[in-house]
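Working notes, beginning with the structure itself.
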Amino acid sequence: MSVLSFFKASSAIPLKDYTEKMFRSTRMKNFWAFSFAYAIYYVCRLSFNVAKPALVNNGILSATELGVIGSATFITYAVGKFVNSALADHSNIVRFFSVGLFFSALANFAMGMNTSAIVLTIIWGFNGWVQSMGVGPCVVALSRWYDDKDRGSYYGFWSVAHNAGEAITFVVTAAIITAFGWRAGFNFAGITGLLGVLVTIMFMKDSPESCGFKPIIKTESKEETFDNKEVLKHQWEVIKNPAIWILAVASCCMYIARYGVNSWGVFFLENGKGYTTIEAASIISVNSIVGILGTVASGWLSDRFLQGRRNIMTIGVSLLNAISLAAFLFAPKGNTWFSIIALSVFGITLGIQLCFLGGLLATDISHKSASGIALGMMGVFGYAGAAAGEFLTGFMLDKTTVISEGGKKIYDFDSLSYFWVGADVCSVLASVLFAVVVYYQTRRVAN
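At position 283 of the sequence shown the residue is numbered 283 (the UniProt record's numbering), and the sequence of numbers has no breaks.
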């Protein structure tokens, strides 16, 4: 069997006699399988973020080296998300998804066996690529299994998976690193990743047609499936759409702010606010936990009460996100509850942003057979921003570090805080422009 044939989308089998209950049961098992496994993807992605303080404190890596390693995975993830999301439109998403998670688990095991900055950069860059094999299949699964009426709600429910994965990492992985060392944290992520692969293989399904059900993807007049030429045509329409590019810029800026907290939040609280690793990781986990509320509510609220007009909701949410981020970063030392409240607001609004700017708005204005590439474009820009932010953060930290008389490193986080908040404000402005462009595009089509 060749590689191409291994990943080829499953063929439709003859329609079988089935009830709506049977279809819904199969669909729900499938949904929980890829949602659970996607949470595990995040455990395998964020282990390095929690290990950062230990790697610096043990003299293994500098802040700049941390930034380079983090940038490597963001760059490969950005490119991989575009390529692999487009490929997911044509693929057996079960195999595609599980292969990526398997190699991500192996990458985590390898990270725990090395201390060379160059080797760690190569390994984590590879992890970025295989990590990009996760999100595309999930979005394609949502397009294959859910119609327009329900897709927004289930997209929001699925997006909770990354919050769960982040929370597990910031709480469990941090506790393991504190108790057993940074190597144990990577080993935990690797073992968890293999568990996710097993769940995927056992319960995830490729498409309704491959299970003997009728297809979900439809045109306005009749049901049909799309051949590769039609898919390519719709993918090109996505690439030419200026609204997609504006949305991608908004996503780019939002991701700089997002990973300012997710990637460097523990390091910031430990070295800038004086918290321990466990305390810092627990505070940052609040961002992920409360983000579930925003993520779940986002699709449901916009579907039920705004008739799917998510672009308007995005503007207000993005503005509130920038304000709460500034409040968290500039909170006085020792004011733990203020930081938690500010981070809670940031987490809730970020959950909505990730759902909307991260993909749902793009799929809303794109043909459903090209949902993978629409998501991929958001990924390219989002993680390009994250990569730039990661490198600049590490570089700026090293350049502004002062060594005290006792030999302790004192970091200046003020410049970084302005950088992260400024990026979030730019995301707000791009969201406004996106709403304006979509409004005029809709009017032109209507006329």
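Each residue gets a CB set at the ideal place from its N, CA and C atoms; glycine is no exception.
Throw me the rounded Cβ distance for the residue i and residue j pair, which I believe falls under 8 Å.
i	j	result
E390	N262	Rounded, the Cβ-Cβ distance is 10 Å, inconsistent with contact.
W236	L55	That belief does not hold up - the Cβ atoms of W236 and L55 are roughly 44 Å apart, past 8 Å.
L357	T314	7 Å
I176	A184	5 Å
S324	F346	4 Å
D412	A63	Contact flag wrong, Cβ pair sits at about 12 Å.
A72	G125	4 Å
V135	K81	6 Å
G260	T393	7 Å
For residue i, does the three-state DSSP call read helix, strand or coil?
i	result
S10	coil
K273	coil
K16	coil
S285	helix
S251	helix
I216	coil
A174	helix
S104	helix
S298	helix
S132	helix
N84	helix
K222	Low local confidence applies: a pLDDT of 43 at K222 is under 50, so the model's placement there is unreliable, and no value is given.
S263	coil
S207	coil
residue 486	Residue 486 is absent from the model: the chain starts at 1 and stops at 447.
F381	helix
N114	coil
Y440	helix
Y154	helix
G181	coil
F97	helix
A387	helix
D148	helix
V140	helix
A189	helix
A331	coil
N241	coil
Using CA atoms only, rank isn't needed, just tell me which of the options is closest to residue i.
i	options	result
Y41	T169, L429, I352, V437	T169
G382	A110, L247, E230, R45	L247
N92	N127, S207, G181, I13	S207
I118	G70, L360, A388, A86	G70
V432	W158, V249, Y146	V249
T192	S339, S47, I352, T19	S47
A331	G291, G274, A387	G274
M113	S104, W264, F186	F186
V83	V425, D412, S285, V380	V380
A370	N311, K233, N57	K233
S143	I403, H90, S417	H90
A86	N228, F188, I60, T336	N228
S288	T336, F338, I244, S344	S344
F7	T121, K21, F96	F96
L354	F267, R310, P137	R310
H367	T277, V140, W420, S285	V140
S415	L329, R27, D150, A243	L329
L106	N127, L120, V94, T121	N127
V402	G272, G291, I292	G272
G265	Y77, S417, V238	S417
V238	L301, A384, I365, A110	I365
G395	R24, V68, I352	A small correction: the amino acid at residue 395 is Phe; Gly does not occupy that position in the sequence shown. With distances taken between Cα atoms, F395 lies closest to V68.
G212	W145, M111, L375, A110	W145
F419	V438, A435, G385	G385
C138	Q441, M377, A33	A33
M202	T76, C44, S98	S98
A257	A243, G351, N57	G351
I373	L120, A78, I312	A78
K409	L4, G59, A51	G59
L293	I283, A189, T349, V43	T349
M377	F434, W245, V428	W245
Legend entry - Minimum length 4: unbroken alpha helix (DSSP H) runs contained in the region 340-368: The alpha helix (DSSP H) runs of length 4 or more contained entirely in the region 340-368 are, from start to end of the chain, 361-364.
Inset, instruction - Would you mind listing the alpha helix (DSSP H) stretches within the region 394-427 that are 4+ residues and don't spill past its ends, in chain order? - result: none
Inset, instruction - Write down every uninterrupted run of the alpha helix (DSSP H) in the region 20-81 whose length is 4 residues or greater and which is fully enclosed by it, in chain order. - result: As far as the region 20-81 is concerned, its whole alpha helix (DSSP H) runs of at least 4 residues are 20-57.
Inset, instruction - Pair every Cβ in the region 317-324 with every Cβ in the region 196-210, then say whether three or more of these pairs are closer than 8 Å. - result: no
Inset, instruction - Determine, using beta-carbon pairs with one atom in the region 10-29 and one in the region 130-138, whether at least three such pairs fall under 8 Å. - result: Contact annotation: the region 10-29 does not touch the region 130-138, with fewer than three C-beta pairs closer than 8 Å.
Inset, instruction - Assess, as a yes-or-no matter, whether the region 249-258 is touched by the region 420-429 under the definition of 3 or more beta carbon pairs within less than 8 Å. - result: Judged by Cβ distances under 8 Å, the region 420-429 makes contact with the region 249-258, as three or more pairs qualify.
Inset, instruction - Check whether the region 348-368 touches the region 150-163, counting contact only when three or more Cβ pairs, one atom from each stretch, lie closer than 8 Å. - result: yes
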